[in-house]
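Residue numbers (my numbering): 27 to 270. For each residue, glycine too, the CB sits at the ideal point set by N, CA and C. Contents: one structure, followed by commentary.
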Amino acid sequence: MWKRLQKNIIAGLIFLLPAIATIYVIQFLFTLIDAFLGSFITGILKGLNIITTHDGSIYFLGVYTPFSERIFGIGFILTIILITWIGSMRLTGKGSGILNAIDRGFRRVPIANSIYTSVEQIIHAFAQERSSFKNVVLLEYPRKGLYTIGFQTGASKGEVQRLTSKECINVFLPTTPNPTSGWLVLVPREDVIVLNMTVEQGLKFIISGGVVVPQDSMDDVIEKDAIYDQTNMKVYIREKRKEE
């Protein structure tokens, strides 16, 4: 009874842990951002006489609010607006001088520059490099019997292809847990196994060191049948598609 209860508790925790962690992170970020910017913006609005305080309560344009120290959520809302505005400037090219100056500033600070570049590399791996990779492949490397996950970046062309005896493709083999570094190998197309997993799933698999394993898409379409041979008293396992 106790062992079964333990299994149920562990199974429940495993199922709920991602949701709990997500809620915790969002709550932490909301509280951190709103506590800092919310008090700052509330002070500015007080200076502009847009909000007033009376008997420990805040009045916004003369309307009562249930807040006492700051207008709850206003700092977080402003942060979302600010992020959207910066993203729009980045995509349209407006204000590139200011954004480049901020970028150079972070890179020049001794301790901050290592944190800044590390986070930039991880984001770059998920955003930009994902569009550069065509698909996820599997090949025997560095020797027969050992398999390595890689990303096909294109087909070999030019002098490289002319001097090889087989049709080759370009495969980028990333390192774990930082997929932004690695090396390029030219592999005969016949020696490469193309996987069904997406590039994003492949990146998660590599960054996690194999902990986050993508689900096999064939699990949804293939099931196993047990066939009993009464004559020979044997059981045969046959795989078939679920729609059969």
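Return helix, strand or coil for residue i, following the three-state DSSP convention.
| i | result |
| --- | --- |
| V220 | strand |
| Y142 | helix |
| T48 | helix |
| Q227 | helix |
| L212 | strand |
| V238 | coil |
| P205 | coil |
| T57 | helix |
| L189 | coil |
| R30 | helix |
| L42 | helix |
Quick one: is residue i near chain B, going by C-beta distance under 8 Å?
| i | result |
| --- | --- |
| G180 | Considering every chain present, this structure includes no chain B. It has just one protein chain. |
Count the other C-beta atoms from every protein chain shown that fall within 10 angstroms of the C-beta of residue i, then say buried if there are 16 or more, exposed otherwise.
| i | result |
| --- | --- |
| R116 | exposed |
| G228 | buried |
| Y81 | According to the sequence provided, residue 81 is Asp. The question's Tyr does not apply to it. So D81 ends up on the exposed side. |
| T110 | exposed |
| G64 | buried |
| G69 | exposed |
| K231 | Checking the sequence shown, residue 231 turns out to be Phe, not Lys. F231 comes out buried. |
| N139 | exposed |
| Q241 | exposed |
| G73 | exposed |
| R169 | exposed |
| F41 | exposed |
| M223 | buried |
| F93 | buried |
| G235 | exposed |
| F177 | buried |
| I175 | buried |
On the DSSP bridge list, what partners appear for residue i?
| i | result |
| --- | --- |
| E166 | Y173 |
| A181 | I195 |
| P200 | G208 |
| V161 | Sequence inspection shows Asn at residue 161; the Val mentioned does not correspond to that position. The partner list for N161 (beta bridge, DSSP) reads Q178. |
Contact defined as beta carbons within less than 8 Å: I believe residue i pairs with residue j. What is the distance between those atoms, to the nearest angstrom?
| i | j | result |
| --- | --- | --- |
| L221 | V162 | 5 Å |
| V218 | F159 | So it is not a contact: roughly 14 Å between Cβ atoms. |
| I67 | I106 | Incorrect: roughly 13 Å between the Cβ atoms, too far for contact. |
| P214 | E193 | 7 Å |
| N196 | S207 | About 17 Å; that fails the 8 Å criterion. |
| I49 | F102 | Contact flag wrong, Cβ pair sits at about 15 Å. |
| I76 | I84 | With 8 Å as the limit, I76 and I84 do not qualify as a contact, their Cβ atoms being about 11 Å apart. |
Notebook entry, point to check: Counting only runs that start and end within the segment 60-127, where is the beta strand (DSSP E) found for 3 or more residues in a row?
Noted result: The qualifying runs are 77-80, 83-86.
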